Structure formats: structure tokens, C-alpha cells
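Have a look at the structure below, then the notes.
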Amino acid sequence: MINLATQIGSLKLRNPLMLASGIMDEDAGSMHKIFKSGAGAIVTKSIGLKQREGYPNPTVVELEHGILNAMGLPNPGIKEFKTEIIELKKSKIPVIGSVFSSNKKEFVELSKKMQEYGADALELNMSCPHAKGYGLEIGSDPKLVKEITSNVKKSTDIPVFVKISPNLMNIVEIAQSAEKGKADAIVAINTVKAMKIDLELKIPVLSNKIGGYSGKAIKPIGIRCVYEISKNVNIPVIGVGGVTTGEDALEYIMAGASAVQIGSGIYYRGIDIFTKINKEIETWMKNHNYTNLSKLVGVAQK
Ligand code: DHB
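The end of the sequence shown is residue 323 by my numbering, with every number in the run present.
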């Protein structure tokens, strides 16, 4: 029997695959569908205190080897989101509430609300690559990362994950700051800052000009980040970036990830991607005489 069960802090998962934040995760219906399609847990869209419209279109463009987007953190606001979490929790689905803010106080308020609504864990978004005052602007300051994490930890009692950016020279220092703030896990990576120019119009394609690149092209960047981070922290790392096959997921796991998130992969392989990747991991493990996935975590570091 192959055992794919994983545990991150106190969060127990039937398998290591999570839906990444930002894809089909704004309403309970689609999140429920993804769970039924085999995901071990669901990460919600990043939610803020107040409703936001996001940027005008174009907000997404498919490129040769990945997807470029700048949505602008559109979300209904935390109070409106309550009904979605409550609906989802009726089916006992492990839900990780993603939150974003520009300051400590709001991060705490959002996190407490997520917990109150029933989230099983929190993902602090400190890595959105293009929203002024949010995400990466906070996530590149080690002191702030530690303080926000620590304040959220002191005000909640569910596991706290900190999602960090690849657009940093000091990624290990940032991960260690989250660890010092008592984060239960690091999530790496968010999208890579990128741009596409329209040759006929001679302007950037996205309305926000700069966006975040995801999909196959960023996998080697994610693998390197997970490898470097997990070598230098003593908490679990959750890998994300360009996972489309079981082999991709195994690569992240061997680099040091205890679980893996999938976002753009859904675009390429449909929502069944979770079942498909679980099967592909199992097949690889059978062929290589492994029964327990945890035995493979970080093996590439030896
Ligand atoms: C958005 C993009 C991100 O990379 C992120 O972490 C959160 C939000 C967005 O454009 O909405």
C-alpha cells in the first residue's frame, strides 16, 4: 500500500496536493469541485479587509511556457467571504485561508476572522509581485515578516503558513524571519515578476503592465528556492510553481517540500489534475519501491 498522507504542523492531509491560491477559489462551489477532484486541501483566493475590484482587463495572458497575470487582488472582502468558508466546511474539506494586507493590525484581524469562520490553517500572502503596498513590498522586509507572523501566531491557534516570493535576493533570510515569527510552514514560491509587450500596439499587454509569471517555465526557480529554504529552516516547506505532473511534484518533494500546490496546472490538464498527479506519484513510488512519501522529502539534499 502506498501512503500519500502528509502532515503540516497539526494539519493532516490525505495527500500532499493543495489547490494554490488564486485559481478557482473564490466560491465554495468551485473549491468543493477541486476537493472532489482529488486535492488534499484548498487554499482560498487572497482575501483582504474590504472588497476590491482588481485591475481592468487585460489581466491574464497565456505565453509560450506559462501564464502571466496581474489581477490586482480582486476579492469580496473578509466579511462577505464568511459564507464561502462556512459552506465549504460543511463537507469537512481542509481549508487554508489566504489573507493579504499592508499592515500587522489588519493581518491579525483577517486571520482571526478566517479562524472564526472555520479555516483549518492560514496562508499569509507576503509575495504578490505587483500590488502597491501589499505582498512583496511587505515580504521583502525581514523585520516586518517576523513581526506580522508573530502577531498572527499570538492571536490565532491554527497553523500559519507564510507565502514568500522568488523575486528576492535574500529568500533564505525572509524564510528564516517567518520561522523566527513561529510560522508553521513556508510556502514557496509566488509568481515571478514579468512582462509581455504587444508588438503592434507597442505597449505592455497587461493593463497593470507588470504581472506575475506562473506555469512550467518557473518550476526550476521554485525547485531552487525550496531547496535553499528547506536546507536552512527547521519547519516544513510547501512547494509551488509549475507543477503539472507527478514527476514535477516529486522533484519539489525531493528538493525538500512536504506538500505541493497546484495552480496553473489546472489550465493545462483540467481539474482532474489532482487525481492524475496522485496516480503518477503512486506509480513512480511503486516502480522505485517506496511506500511512504515522507521518506522522499528532501532526499536530494544529501
Ligand atoms: C494576485 C497575484 C498574486 O501573485 C498574489 O499573490 C495575490 C494576488 C492578483 O493579481 O490578484
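Even glycine gets a Cβ: it sits at the ideal position worked out from N, Cα and C.
For clarity, every value in this text was computed on a predicted model and none was experimentally measured.
Pairwise C-alpha distance: residue j and residue i
i      : j      : result
Asn313 : Gly291 : 27 Å
Gln28  : Lys230 : 39 Å
Ile298 : Leu189 : 30 Å
Met135 : Leu222 : 43 Å
Ser171 : Met39  : 24 Å
Lys100 : Gln72  : 9 Å
Tyr288 : Met52  : 15 Å
Lys203 : Leu220 : 48 Å
Gln197 : Val81  : 32 Å
Cβ-heavy atom distance, residue i to ligand 1, below 7 Å
i      : result
Leu94  : yes
Ser67  : yes
Asn78  : no
Cys246 : no
Gly59  : no
Asn1   : This structure gives no information on residue 1, because the portion of the chain shown stretches from 22 to 323.
Asn188 : no
Gly233 : yes
Thr212 : yes
Glu41  : Note that residue 41 corresponds to Ala in the displayed sequence, not to Glu. Every heavy atom of ligand 1 is 7 Å or more from the Cβ of Ala41, so no.
Pro150 : yes
Spatially closest choice to residue i from the options, by CA coordinates
i      : options                           : result
Gln214 : Leu227, Asn172 and Glu249         : Before going further, note that residue 214 is Lys rather than Gln in the sequence given. It is Leu227.
Tyr138 : Gly118, Leu157, Ala41 and Ser148  : Gly118
Asn255 : Ile210, Thr296, Gly286 and Lys201 : Lys201
Leu32  : Gly160, Ala140, Glu127 and Gly69  : Ala140
Lys252 : Asp219, Thr265 and Ala278         : Ala278
Ser176 : Val81, Lys126, Cys149 and Ala321  : Lys126
Val318 : Pro97, Glu83 and Glu272           : Glu272
Ser186 : Leu157, Pro163 and Val173         : Leu157
Interface flag, residue i vs chain B, CB-CB below 8 Å
i      : result
Ala321 : This model lacks chain B altogether; it includes just one protein chain.
Worksheet item: Is there contact between the segment 101–119 and the segment 80–92, where contact requires at least three CB pairs shorter than 8 Å?
Response: no
Fill in: Meets three-Cβ-pair contact criterion under 8 Å: the segment 303–318 and the segment 53–70
no
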